Structure formats: structure tokens, C-alpha cells
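**Q** In my numbering, the protein residues as written are 32 to 295.
Even for Gly, the Cβ is constructed at its ideal location relative to N, Cα and C.
Computed from a prediction, not measured in an experiment: that's the story for all the values here.
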Ligand SMILES: Nc1nc2c(ncn2[C@@H]2O[C@H](COP(=O)(O)OP(=O)(O)O)[C@@H](O)[C@H]2O)c(=O)[nH]1
Ligand SMILES: [Mg+2]
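1. Would you mind giving the Cβ-Cβ distance between residue 234 and residue 129, rounded to the nearest angstrom? I have them listed as a contact below 8 Å.
2. When the Cα of residue 94 is compared with those of 86, 146, 68, 271, which residue comes out closest?
3. Is residue 242 near ligand 2, in the sense that its beta carbon is under 6 Å from a heavy atom of that ligand?
4. Ignore the nearest five residues each way along the sequence and tell me which others in residue 132's own chain have a CB closer than 6 Å to its CB.
5. Between residue 124 and residue 36, how many whole angstroms is the CB-CB distance? I'm expecting something under 8 Å.
6. Less than 6 Å between C-beta atoms, sequence neighbours within five positions excluded: which residues of the same chain meet that for residue 261?
7. Between residue 154 and ligand 1, is there a pair consisting of the residue's CB and a ligand heavy atom that are separated by less than 6 Å?
8. By DSSP, does residue 91 sit in helix, in strand, or in coil?
9. Using 7 Å as the threshold, is the C-beta distance between residue 275 and residue 269 below it?
10. Going by the CB atoms, is the gap between residue 195 and residue 237 shorter than 7 Å?
11. Only counting runs of 3 or more residues, tell me where the beta strand (DSSP E) segments fall wholly within the region 198–267, in order along the chain.
12. One question on the structure: do residue 291 and residue 212 come within less than 7 Å of each other, judged by their Cβ atoms?
13. Below 6 Å, is the gap between the Cβ of residue 39 and the nearest heavy atom of ligand 1?
14. What residue range is occupied by the uninterrupted beta strand (DSSP E) comprising residue 192?
15. Would you decide whether residue 281 is buried or exposed? Buried here means 16 or more other CB atoms lie within 10 Å of its CB.
16. Only counting the same chain, and skipping five residues up and downstream in sequence, which positions put a Cβ closer than 8 Å to that of residue 203?
17. From residue 277 to residue 287, what does the alpha carbon distance come to, in whole angstroms?
18. Please say whether residue 85 and residue 91 have beta carbons closer to each other than 7 Å?
19. Counting only the same chain and skipping the five closest in sequence on each side, list residues whose C-beta sits under 8 Å from that of residue 117.
20. Can you name the residues that DSSP bridges to residue 297?
21. Which term fits residue 178, buried or exposed, when burial requires 16 or more other beta carbons within 10 angstroms of its beta carbon?
22. Are the region 238–250 and the region 157–173 touching by the rule of at least three beta carbon pairs closer than 8 Å?
23. Which class does residue 183 belong to by DSSP, given the choice of helix, strand or coil?
24. Please report the residue range of the alpha helix (DSSP H) in which residue 147 lies.
25. What distance in whole Å lies between the Cβ atoms of residue 198 and residue 226, which are believed to be in contact at a cut-off of 8 Å?
26. For residue 71, count the other beta carbons within 10 Å of its own beta carbon; 16 or more makes it buried, fewer makes it exposed. Which is it?
27. Once the 5 residues before and after residue 161 are set aside, which same chain residues still bring their CB inside 6 Å of it?
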């Protein structure tokens, strides 16, 4: 199993998360797991912090991309390692998902191609919920995603996800959202290709220091545009919309949004 942890300026939050995950999975999944932290453009000391932890836990590795590839971009890079492992997943660097909750998701991978944690299903345990305005924007985003894609997933954005290698390999070339709407891209590409996604209630502790909450308006606008763009990419109209592509490119530049190099 390979666990990816995207991290951006996380020197304050990542160390306990890494140590907890490494110790937990060494005890419960010995010899069969690795952690890969994927950094990009950090302006703090995250890299040195991760390297310090890696000295104690050789299961921890790090990849550092200098370019601003975003959380989605970092995960797209990390998921390139899928062919080397049986299961591949990701969690946030701040420890919002405890390792035992992630382990529970792994326990259900026999029943689906991808298993995802949910904060919005009955049975979810929220030790500390997100602030009310975050939950409000999250529900608005959910309504848009449901309207555009109708996947019937209550929480596309919970960053606790694990999938079989085969599923990721099959859809990797369809991953093109570099920002925080990456999860919608992943889930829609999987379900569209006929893979089964199982959503299960999980455990969650909202952590202080969120970068999303501190730039909520810009992040939400970027996520909205990316979701609409994804809908267009998967629509028969897409080829005919090519002459209008500059509008999208302009919007992403104006919002300083991360983008992925596109094949076509
Ligand atoms: N590699 C990378 N990771 C990012 C970027 N932006 C956010 N992240 C990571 O994404 C995760 C979620 O960020 P966080 O601010 O905790 O968001 P929240 O929990 O949704 O409020 C953390 O692990 C961040 O370090 C980015 O631009 N690049
Ligand atoms: Mg967080």
C-alpha cells in the first residue's frame, strides 16, 4: 500500500501526522506500506521536517516539485506510482483523519475499486467539525457537483481515499484538475469508467491552520470553474468549445490557480 500525503507549507502540522501514521502502519501493516509526501513550492521548512522523520522511519519518502502544481497536481504526480503497489490512497498532512480510520477504509477495499471516507453520512464521527461557513460552502459545492455529475456521493472532498492500482492506472490519463476539485475529477473518472466507489462514514478532527479557509473565496471560485470545466471535458460539446479555451486559461491565470499540462 502506498499512502500519499500532499503538503504545502506544513512545517507546523505534518510531523506528528507522519510519525503517527508511520508508527501505526508499521504495527498493523508491517512491511507492506510506504508513505510518500508530495510537496510543491513550499516556502517554509516542510522538506527538512519530512526528511527528519524519514531518518526514523525509512517507510517515509518525499518528492518535491518546485513548480506550483497544487494539491491535485501533487496527487496526480503521486498516483503515477500506482503500478508499483496493490493499493494507493491519500490523506491530508494535518492529521484530520486518524490512521485507525484510514485503516478501516482499507479493510473494505475487497468490496470496491475505491473506498472513500465521508463526513456527511450517518455514523461519521466529527471530533471537531469544520467552521460553519466552511460547512456551508462545502454543501453549496456538493449541490453543484451533484447537479453536474449526479454521482450520489455525499462527501466528494473528504481527503481519505484508497483505491486499487488497476482502477488508478486505468483512469490516470483523465486526471487534469490540479486544484482542490481534484477529488471530483478522480471520482467522476472512476465511476464514468465503470469502477465501483464505496463511501463510508469516517472519523474527522478539523485542524487549525487550514490554507483553504484562509483563502476561501479564491479557492471556492477555482473549484467551481474546475468542476464546470470537468463537466465540459466529459461532454460531447468539448471539441467544439476549443476556440473558447482562452477564457478558461485567462480565468485560471487571473485566479492564480494551479493547472496541469494538457495533452490536447
Ligand atoms: N502539494 C500541495 N499540497 C497542498 C496544496 N494546497 C494544499 N495542500 C495540502 O492539502 C491538504 C489540505 O489542506 P488544508 O489547508 O488542511 O485544507 P482543509 O483541511 O480542507 O481546510 C494539506 O495536506 C495541505 O498541505 C498545494 O498547493 N500543494
Ligand atoms: Mg485540513
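**A** Well, looking at it:
1. Within the chain shown, the letter at position 203 stands for residue 234. Within the chain shown, the letter at position 98 stands for residue 129. Taking C-beta atoms under 8 Å as the contact rule, residue 234 and residue 129 qualify, at a distance of about 6 Å.
2. As a working note, residue 94 is residue 63 in the chain shown. Taking only the C-alpha atoms, the option nearest residue 94 is 68.
3. Translated into positions along the chain shown, residue 242 becomes position 211. Relative to the non-hydrogen atoms of ligand 2, the Cβ of residue 242 never comes closer than 6 Å to any of them.
4. For this step, residue 132 is matched to residue 101 along the chain shown. Excluding positions up to five away in sequence, the list reads 233, 234.
5. Here residue 124 is taken as the residue at index 93 of the chain shown, counted from 1. Here residue 36 is taken as the residue at index 5 of the chain shown, counted from 1. Going by Cβ atoms, the distance from residue 124 to residue 36 rounds to 5 Å, so yes, they are a contact pair.
6. Your numbering for residue 261 matches position 230 in the chain shown. Hits under 6 Å: 216.
7. Counted from its first residue, the chain shown places residue 154 at position 123. Annotation for residue 154 indicates a beta carbon at 6 Å or more from all heavy atoms of ligand 1.
8. Within the chain shown, residue 91 is the residue found at index 60, counting from 1. Three-state result, residue 91: strand.
9. Residue numbering aside, residue 275 sits at position 244 when the chain shown is read from its first letter. Residue numbering aside, residue 269 sits at position 238 when the chain shown is read from its first letter. Annotated as distal: residue 275 and residue 269, with beta-carbon spacing of 7 Å or more.
10. Within the chain shown, the letter at position 206 stands for residue 237. Within the chain shown, the letter at position 164 stands for residue 195. No. Outside cutoff.
11. Runs of beta strand (DSSP E) with 3 or more residues, each lying fully within the region 198–267, are found at 228–232, 234–236, listed in chain order.
12. Indexing the chain shown from 1 puts residue 291 at position 260. Indexing the chain shown from 1 puts residue 212 at position 181. In this structure, residue 291 lies away from residue 212, with their beta-carbon atoms at least 7 Å apart.
13. Indexing the chain shown from 1 puts residue 39 at position 8. At least one heavy atom of ligand 1 is nearer than 6 Å to the Cβ of residue 39, so yes.
14. What you label residue 192 is simply residue 161 of the chain shown in a count that begins at 1. 192–195 is the extent of the beta strand (DSSP E) around residue 192.
15. For the purposes of this step, residue 281 is taken as residue 250 along the chain shown, with counting starting at 1. So residue 281 ends up on the exposed side.
16. Counted from its first residue, the chain shown places residue 203 at position 172. The beta carbon of residue 203 is closer than 8 Å to those of 107, 110, 111, 113 in its chain, skipping five residues each way along the sequence.
17. Mapped onto the chain shown, residue 277 falls at position 246. Mapped onto the chain shown, residue 287 falls at position 256. C-alpha separation (whole angstroms): 15 Å.
18. Translated into the one-based positions of the chain shown, residue 91 becomes position 60. Translated into the one-based positions of the chain shown, residue 85 becomes position 54. A contact, by the Cβ cut-off of 7 Å.
19. Counting from 1 along the chain shown, the entry for residue 117 is found at position 86. Correct list, in chain order: 32, 195, 196.
20. With the chain covering 32 to 295 only, the question about residue 297 has no answer from this structure.
21. The sequence position of residue 178 within the chain shown is 147, counting from 1. Counting C-beta atoms within 10 angstroms of its own C-beta, residue 178 has fewer than 16 neighbours from the protein chains shown and is therefore classed as exposed.
22. For the pair of segments examined, the region 238–250 was found to touch the region 157–173: the number of CB pairs separated by less than 8 Å reaches three.
23. Looking up residue 183 in the chain shown gives position 152. Three-state result, residue 183: coil.
24. Here residue 147 refers to the residue found at position 116 when the chain shown is read from its first residue. Note, residue 147: premise wrong, no alpha helix (DSSP H); beta strand (DSSP E) at 145–149.
25. Here residue 226 refers to the residue found at position 195 of the chain shown. Here residue 198 refers to the residue found at position 167 of the chain shown. Approximately 5 Å separates the beta-carbon atoms of residue 226 and residue 198; this is inside 8 Å, confirming the contact.
26. Residue mapping note: residue 71 aligns to position 40 of the chain shown, counting from 1. It counts as buried.
27. Here the question's residue 161 lines up with position 130 in the chain shown. Annotation for residue 161: 237 place their beta carbon closer than 6 Å to its own, counting only its chain and skipping 5 residues before and after.
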